[in-house]
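Asks:
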Amino acid sequence: MTVLLEMKQKLRLIYSKYEVLILPVAKFLLAFVTLNALNGKMGYMTQLDDMVIVLIVALTCSFLPTGMLVVFATLFSLAHMYALSMEVALVGLCVYLVMYLLFFRFSPKDSIVVVLTPLLCGMKIPYVVPIAVGLLCGPSSVVSVGCGVAVYYLLEVVVGVSPNIKTMGEDEDAIMNKIRMVVEALVGNKAMVVVIAAFAVTVLVVYVIRRLSIDYAWIIAILAGAMTDIAALLIGDMLYDVNISVGGALLGTLLAVAVAVVIQFLRFCVDYKRTEKVQFEDDEYYYYVKAVPKMSVTVPTRTVKKINSQRVRSASQDSRSAERKPAAKSADRGAGAGGRSVTTERTSYGRNGSQRGSYSSARERSGQKGGRNTAGRSVTIGSTDNTRAEADDNSTDQTSEWL
Amino acid sequence: MLNEERVILMTRMVSYEKNEGKKNVKVGNYFRSDYIAVQILKSVICATIAFCIIFGLYLLCNLEELMQEIYTMDLFAYAKNILTYYVAAVVGYGAVTYVACSWKYSRAKRSLKNYYHNLKKLNSLYSETK
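Those protein sequence lines, which keep their order, are chains A and B. Plus 774 on top of the position in the first sequence (first one is 1) and you've got my numbering. Plus 5 on top of the position in the second sequence (first one is 1) and you've got my numbering.
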């Protein structure tokens, strides 16, 4: 667990350090994958089905707000629909407008959910969405998930009716028939209604349970959400006969649970064993407080303090010094047979914030190559004697436990 | 001399002002009734446009039947029927907007209260150092 916590902390550090780069790259990748998937699924407008255009749009999306990705994806899909038939594009535009006017204005910040939902639906792993949204967003995100599912089924309908649309003519009757065909296929799509209802219920169940003041609320919410999702889909399948693959739903839900556990670890990692319940009062209220400490580990950071180009002491001297007390050991470490030695300092190391800080005072000895140990451990890695350096490192880890 | 507590508080407040606070301040500038009324008005307009779009699509899909029956059907009853659907849709959407906006307003106010409390705290920290 400590290793995982350290990794999480490292990830957090890397993200905070390179956020300026990571965010645009992530946006670029999402836009690239989304537009490519759209071109792959529809691809009626051959001018848009071009890698250069996709790259240009994805690059544009990388420095624009996430909402612009929704706009570009909408324009791409409408352009493909237009290339198929103007009537289909008209129906698509109406559906998008209704979605925007009625639903999307309640949760404009969830644009990423509207993009990810159809994308994951297309990859046949949509079950991750409602559980993840329930964990990370609010109840209003039900609307975004519903819109995402509706967009996916709109595209499915367009792709489904496209062979018939292509064979129809351009006369007045054909125009009406095209519109009717798309609208009827969309309105009569019971699978869409079942999936929207199942996902909405799942999001709400996950959200309500994870907000409860009970131990392991997030884990319970994930499991309850997974079961609700499967149950709702199966009930919908029985009632409306929508041919939902039970095996696929089960496997997808298992995957969703795994992803949700990772999200829980990254977002809400607490130690319920150390829960404290306190009670106090002020002039106006009595307070019954339950405080659950977060699990956290301070990542050890190494800073190069000094690079010695002269020869360092022999191994025999070093083995003698290794028998001394740990503080001295850490200062002596890495004194290899010869060559360059790099002195680094581990500035902090602790767990749960309780063991942070230094364990020994600065120790300077004349003629010693270890350098100053100001806060934490001083590590010297000899470039010519790696084994020795590793052995010393292990011994120092034990030292930290001893302290 | 730098006061660590003051710096932390100011950093948090600036972060709030730049992100969540921006919208909350806008919401907080309204009285509750005014804010909800404006949002409901927007909802009515949106619902009207959406209803027109859906009705337009319905007409396009059923144009043939409608044209065949237009001389025999009771147009007044038909219009009354459509109007009933419209009013039901607008009222339903308005009710959802009312609930959502009430919740949003109370949350923004609570958040702003916390922000103003921090402002006072910051002020007192400055007073202590003088």
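Think of the CB as a built atom: it goes at the ideal place given N, C-alpha and C, for glycine as much as any other residue. Every value quoted in this text rests on a predicted model; they were computed, and no experiment measured them.
#1: For B:Tyr131, name the three-state secondary structure that DSSP assigns.
#2: In the DSSP assignment, find the beta strand (DSSP E) that holds A:Val1063 and state where it starts and stops.
#3: On the criterion of 16 or more Cβ atoms from any shown chain inside 10 Å, does A:Gly866 qualify as buried, or is it exposed?
#4: Taking 8 Å as the threshold (beta carbon to beta carbon), is A:Ile939 in contact with chain B?
#5: Between A:Val887 and A:Tyr856, what straight-line distance do the alpha-carbon atoms span, to the nearest angstrom?
#6: Report all residues from its chain with a CB closer than 8 Å to the CB of A:Leu1024; omit the five preceding and five following residues, and keep chain order.
#7: Closer than 6 Å by C-beta to A:Lys1099: which residues in its own chain qualify, once you throw out the five before and the five after it? Chain order, please.
#8: Since A:Ala972 contacts A:Gly1010 with CB under 8 Å, what's their CB separation in whole angstroms?
#9: Quick check: is the beta carbon of A:Ile886 nearer than 8 Å to any beta carbon in chain B?
#10: When you compare each of A:Gly1021, A:Leu804, A:Leu852 to A:Leu822 by their alpha carbons, which one comes out closest?
#11: Strictly below 9 Å CB to CB, what residues from chain B border A:Ile970?
#12: Let's test the definition: count the other Cβ atoms within 10 Å of the Cβ of A:Gln1053 and tell me whether it reaches 16, buried, or not, exposed.
#13: Just the chain A side, please: which residues come within less than 7 Å of B:Ala93 by C-beta, in chain order?
#14: For A:Arg954, return the contacting residues in chain B, with the cut-off set at a CB-CB distance below 7 Å.
#15: Please state whether DSSP places B:Ile45 in a helix, a strand or coil.
#16: Identify whether A:Ile1081 lies in helix, strand or coil by the three-state DSSP scheme.
#17: Buried or exposed: where does A:Asn813 fall if 16 or more other Cβ atoms within 10 Å of its Cβ makes it buried?
#18: Measuring CB atoms only, is the segment 951-959 of chain A touching the segment 985-1001 of chain A, in the sense that at least three cross pairs come out at less than 8 Å?
#19: What span of residues does the beta strand (DSSP E) with A:Val1052 cover, start to end?
#20: What residues in its chain sit with their C-beta under 8 Å from that of A:Met955, if we drop five residues either side in the sequence?
#21: So, does the CB of B:Ile59 fall closer than 8 Å to a CB anywhere in chain A?
#22: Name the DSSP beta bridge partners of A:Val1044, please?
#23: Give, in chain order, every unbroken run of the alpha helix (DSSP H) that is at least 4 residues long and sits entirely within the segment 946-1032 of chain A.
#24: DSSP three-state label for A:Thr820, please.
#25: Going along chain B in order, which residues have a C-beta closer than 9 Å to the C-beta of A:Met842?
#26: Going by C-alpha to C-alpha distance, which of A:Asp989, A:Arg985, A:Tyr1060 sits closest to A:Thr1049?
#27: For chain B, find out if any of its Cβ atoms is closer than 8 Å to the Cβ of A:Phe880; answer yes or no.
#28: If I measure Cβ to Cβ from A:Glu1097 and keep anything under 7 Å in the same chain, skipping five residues before and after, which residues do I get?
#29: What's the C-alpha gap between B:Thr140 and A:Met860?
#30: Compare the Cα-Cα distances from A:Met1001 to each of A:Asn1017, A:Thr891, A:Val980, A:Tyr927 and report the closest residue.
#31: What does the alpha-carbon distance come out to for the pair A:Pro900 and A:Gly1022?
Replies: For this structure:
#1: Looking up residue 131 of chain B in the second sequence gives position 126. Helix, per DSSP.
#2: Here residue 1063 of chain A refers to the residue found at position 289 when the first sequence is read from its first residue. Per DSSP, A:Val1063 belongs to the beta strand (DSSP E) from 1060-1065.
#3: In the first sequence, counting from the first residue as 1, residue 866 of chain A sits at position 92. A:Gly866 should be labelled buried.
#4: For the purposes of this step, residue 939 of chain A is taken as the residue at position 165 of the first sequence. So no, A:Ile939 is outside the interface.
#5: Against the first sequence, residue 887 of chain A aligns to sequence position 113. Against the first sequence, residue 856 of chain A aligns to sequence position 82. Going from the Cα of A:Val887 to the Cα of A:Tyr856 covers about 25 Å.
#6: Start at 1 with the first residue of the first sequence, and residue 1024 of chain A comes out as number 250. Sequence-distant partners of A:Leu1024 (beyond 5 residues in either direction) whose C-beta falls short of 8 Å from its own C-beta, in its chain, are Ile1004.
#7: Counting from 1 along the first sequence, the entry for residue 1099 of chain A is found at position 325. Only weak support is given to the placement of A:Lys1099: the predicted model assigns it a pLDDT of 45, under 50, and the question is left unresolved by the model.
#8: Taking the first sequence and counting its residues from 1, one reaches residue 972 of chain A at position 198. Taking the first sequence and counting its residues from 1, one reaches residue 1010 of chain A at position 236. Indeed, because the Cβ distance is near 6 Å, the residues count as touching under 8 Å.
#9: Here residue 886 of chain A corresponds to residue number 112 of the first sequence, with the count starting at 1. For A:Ile886, the answer is no, since every Cβ of chain B falls outside 8 Å of its Cβ.
#10: For the purposes of this step, residue 822 of chain A is taken as the residue at position 48 of the first sequence. When only C-alpha atoms are compared, the closest one is A:Leu852.
#11: The residue labelled residue 970 of chain A in the question sits at position 196 within the first sequence. By Cβ distance, chain B contributes nothing, its closest Cβ being about 16 Å from A:Ile970, past 9 Å.
#12: Residue mapping note: residue 1053 of chain A aligns to position 279 of the first sequence, counting from 1. A:Gln1053 is exposed by the Cβ-count criterion.
#13: On the second sequence, residue 93 of chain B is found 88 positions in, with the first residue counted as 1. By Cβ distance, chain A contributes nothing, its closest Cβ being about 14 Å from B:Ala93, past 7 Å.
#14: Counted from its first residue, the first sequence places residue 954 of chain A at position 180. Ordered by position in chain B, the residues that pass the 7 Å Cβ test against A:Arg954 are Cys66.
#15: Position 40 of the second sequence, counted from the first residue, corresponds to residue 45 of chain B. In the three-state scheme derived from DSSP, where H, G and I count as helix and E and B as strand, B:Ile45 is classed as helix.
#16: As a first step, residue 1081 of chain A must be located in the first sequence, where it is residue number 307. Of the three classes helix, strand and coil, the one that applies to A:Ile1081 here is strand, per DSSP.
#17: Within the first sequence, numbered from 1, the residue matching residue 813 of chain A stands at position 39. Counting every other CB atom within 10 Å of its CB across the protein chains shown gives A:Asn813 a total of 16 or more, marking it as buried.
#18: Touching, no.
#19: Sequence index remark: in the first sequence, residue 1052 of chain A carries index 278 (1-based). 1050-1055 is the span of the beta strand (DSSP E), which, as asked, contains A:Val1052.
#20: For the purposes of this step, residue 955 of chain A is taken as residue 181 along the first sequence, with counting starting at 1. Val935, Asn938, Ile939, listed in sequence order.
#21: Within the second sequence, the letter at position 54 stands for residue 59 of chain B. Yes, its Cβ sits closer than 8 Å to a Cβ of chain A.
#22: Against the first sequence, residue 1044 of chain A aligns to sequence position 270. Partner(s): A:Lys1068.
#23: Complete alpha helix (DSSP H) runs here, min 4: 946-961, 964-984, 991-1014.
#24: On the first sequence, position 46 is the one that residue 820 of chain A refers to. Looking at A:Thr820 - three-state DSSP - the assignment turns out to be coil, as it is neither helix nor strand.
#25: Here residue 842 of chain A refers to the residue found at position 68 when the first sequence is read from its first residue. Simply none; closest approach about 19 Å.
#26: As a first step, residue 1049 of chain A is located in the first sequence; it is residue number 275 there, counting from the start. Per the Cα distances, A:Asp989.
#27: Locating residue 880 of chain A in the first sequence gives position 106, where the first residue counts as 1. With 8 Å as the cut-off, A:Phe880 counts as an interface residue toward chain B.
#28: Here residue 1097 of chain A is taken as the residue at index 323 of the first sequence, counted from 1. For A:Glu1097, the predicted structure reports a pLDDT of 47, less than 50, and the residue's modelled location is therefore unreliable. A value from the coordinates is still provided. Contacts found: none.
#29: Nothing about residue 140 of chain B can be reported from this structure: the residues present for chain B run from 6 to 135 only.
#30: Against the first sequence, residue 1001 of chain A aligns to sequence position 227. Comparing Cα-Cα distances from A:Met1001 to each of A:Asn1017, A:Thr891, A:Val980, A:Tyr927, the minimum goes to A:Val980.
#31: The residue you call residue 900 of chain A lines up with position 126 of the first sequence. The residue you call residue 1022 of chain A lines up with position 248 of the first sequence. Each residue's alpha carbon lies about 11 Å from the other.
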